[in-house]
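The next block holds one structure in the form of structure tokens; read it before the comments.
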Ligand code: GAR
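Here it is, written out as structure tokens:
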């Protein structure tokens, strides 16, 4: 059984889809929900699925041990980011190299980087008059939105789109693909 921790800062709609997807799996199990925000909606889903939670304290995460010991004690094999706002510190990248996956709501390498989160991404895409946007699922390295791409899917940007309407279309794509891509990636690396 591969044990995953989901890191999320917000509503957690992707986290919920991942929890539901692996609920009856005998190969992959979500064993921990990690957040930096005590009021994050994702914590309600953790409760709903009876998964333990870990609330991060910024100083320890950024300048301390990066919670490596806590994650090791929980037996975490994979870290899945689902709308997680903080940059992953080098110590975590080092311990879970090629074992941390992120989803970004645009077609990287465009519209990524610091501050490119949620609706700010969609606003930038609309302002640039793009006709197409999409999702990127990628490995995490020490730079924001930068590691090797695993999967991309596209959707149109419509003339009447607002950041909220584009976000809805992107969320649909994310929910459809993210759990399946995670599963495929984890199972392809089972030794
Ligand atoms: C998702 O759209 C995800 O791609 C995005 O945050 C949203 C979280 O939604 N992540 C980023 O922008 C990372 N740079 P959710 O809380 O409903 O899953």
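Numbering (our numbering), first residue to last: 12 to 202. We put the CB at the ideal spot given by N, CA and C, even for glycine.
- prompt: Taking contact to mean at least 3 C-beta pairs separated by less than 8 Å, is the region 122-134 in contact with the region 145-158?
  reply: yes
message: Comparing C-alpha positions only, which one of 31, 34, 47 sits nearest to residue 18?
response: Here the question's residue 18 lines up with position 7 in the chain shown. For residue 18, the nearest C-alpha among the options comes from 47.
Reduced DSSP category for residue 110 - H, G, I as helix; E, B as strand; rest coil: Against the chain shown, residue 110 aligns to sequence position 99. Residue 110 falls in the coil class under three-state DSSP.
query: Whose C-alpha, out of 50, 92, 195, is nearest the C-alpha of residue 25?
result: Against the chain shown, residue 25 aligns to sequence position 14. Taking only the C-alpha atoms, the option nearest residue 25 is 92.
- prompt: Can you round the beta-carbon distance between residue 168 and residue 196 to whole angstroms, since I take them to be within the 8 Å contact cut?
  reply: Taking the first residue of the chain shown as 1, we reach residue 168 at position 157. Taking the first residue of the chain shown as 1, we reach residue 196 at position 185. About 28 Å separates the two Cβ atoms, so there is no contact after all.
field: Contiguous beta strand (DSSP E) assignments of at least 3 residues, all confined to the region 29-93
entry: 39-46, 64-66, 89-92
field: beta-carbon residue 23 near ligand 1 non-hydrogen atom, thresh 7 Å
entry: Along the chain shown, one-based indexing puts residue 23 at 12. The nearest non-hydrogen atom of ligand 1 is less than 7 Å from the C-beta of residue 23.
- request: May I have the straight-line CA-CA distance separating residue 49 from residue 66, to the nearest angstrom?
  value: On the chain shown, position 38 is the one that residue 49 refers to. On the chain shown, position 55 is the one that residue 66 refers to. It is roughly 7 Å from the alpha-carbon of residue 49 to the alpha-carbon of residue 66.
- prompt: Does ligand 1 have even one heavy atom less than 7 Å from the beta-carbon of residue 116?
  reply: Your numbering for residue 116 matches position 105 in the chain shown. It does: the Cβ of residue 116 is within 7 Å (strictly closer) of some heavy atom of ligand 1.
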